[in-house]
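Residue numbers (this note's numbering): 548 to 796.
Structure (structure tokens):
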């Protein structure tokens, strides 16, 4: 995971008004002049059309405010790059594939969205939703100045796995709109950001800490039904995972 603020090995020619650049995107090519030099720029890039519709990162809401004519060492002709400004740094605005190409996403306008380089690198080739990606960005921002690059990388990858798992559960079949009643006493154990309930007469799950007991007859509200499991609401973003055969409707 490379979290560069902006790409390296770029030569910056000049800054141009965003409106001047984006008002010319329907032209195949346009000549721009700076200090007596003329630069012919291809203006039919999908990035420009996307920026015309939205200058803001769909994840962190950073707005693109500066447009520079630049070229990379390997480029034959210069092109425009849009940047946002944050903490006195320029952050490249990119074209993100809503569905990653690695997951079958197509190279077409309807599959593009504006995203800053930081959020785009955090997303990578994953299928994280915007809600999950926003949570991941908060985790990154909260820890980037406190952890080494290696520890931050491990934290981000672990968080991505947990968020992806949470997404999978939310896509599972929702139960009927009715509460359930426990048929037996359950011991409650901590499990990552949620909890697991097992019959009081069974041995404790390995490496799990008991935090309490839920009595027979307790009424619970199922939120998610997945295979033979029920995930019942406890509080915001916290669930109690139990077997379906431990309850009655």
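For glycine and all other residues, C-beta sits at the position ideal for the given N, C-alpha and C.
Legend entry - Opposing strand residues paired with residue 579 [DSSP bridges]: 586
If I measure Cβ to Cβ from residue 706 and keep anything under 7 Å in the same chain, skipping five residues before and after, which residues do I get?
Within the same chain, 683 and 686 come within 7 Å of residue 706 by CB-CB distance, once the 5 residues on both sides are set aside.
Compute the distance between the beta-carbons of residue 612 and residue 636, then report whether it is under 7 Å. no
- Task: Report all residues from its chain with a CB closer than 6 Å to the CB of residue 594; omit the five preceding and five following residues, and keep chain order.
- Result: 642
Cα separation between residue 563 and residue 615?
Going by the C-alpha atoms only, they are around 6 Å apart.
_To the nearest angstrom, how far is the alpha carbon of residue 654 from that of residue 648?_
Going from the Cα of residue 654 to the Cα of residue 648 covers about 8 Å.
From the DSSP output, in three-state form, read off residue 550 for me. For residue 550, the pLDDT reaches just 42, beneath the cut-off of 50, and the residue's location in the model is therefore unreliable, although a value from the coordinates is still provided. Three-state DSSP puts residue 550 in coil, outside helix and strand.
Considering Cα atoms alone, identify which of 767, 740 and 674 is closest to residue 731. 767
- Query: Would the beta-carbon of residue 672 fall within 7 Å of that of residue 658?
  - Reply: no
Q) Got a sec, what are the start and stop residues for the beta strand (DSSP E) residue 620 sits in? A) First-last for residue 620: undefined, no H or E at that position.
ask   = Does the region 616–627 touch the region 575–590, meaning 3 or more C-beta pairs lie closer than 8 Å?
value = Taking a contact to require three or more Cβ pairs closer than 8 Å, the region 575–590 and the region 616–627 qualify as touching.
Problem - Distance between residue 569 and residue 601 (C-alpha atoms, nearest Å) - result: Spanning the alpha carbons of residue 601 and residue 569 requires a straight line of approximately 11 Å.
*Compute the Euclidean distance between the alpha carbons of residue 571 and residue 592, then round it to the nearest angstrom.*
11 Å
Helix, strand or coil, according to DSSP, for residue 666 in the structure here?
helix
Determine contact between the region 741–761 and the region 688–695, defined as no fewer than three beta-carbon pairs at a distance below 8 Å. no
Practice problem: Could you check how far apart the C-beta atoms of residue 606 and residue 662 are, in whole angstroms? I think they sit under 8 Å. | Solution: 6 Å
Practice problem: Could you check the C-alpha separation between residue 552 and residue 619 for me, to the nearest Å? | Solution: Confidence at residue 552 is low in this model, with a pLDDT of 49, below 50, so its placement is unreliable and the value that follows should be read with caution. Taking the straight line joining both Cα atoms gives about 16 Å.
Beta-carbon proximity list for residue 716, same chain, < 7 Å, skipping 5 on both sides: 771, 773 and 778
Notebook entry, point to check: Hey, how far is the Cα of residue 604 from the Cα of residue 610?
Noted result: 6 Å
Exercise. On the three-state DSSP scale, how would you describe residue 786?
Worked result: strand
Residues that residue 644 bridges to, as DSSP identifies them: 659
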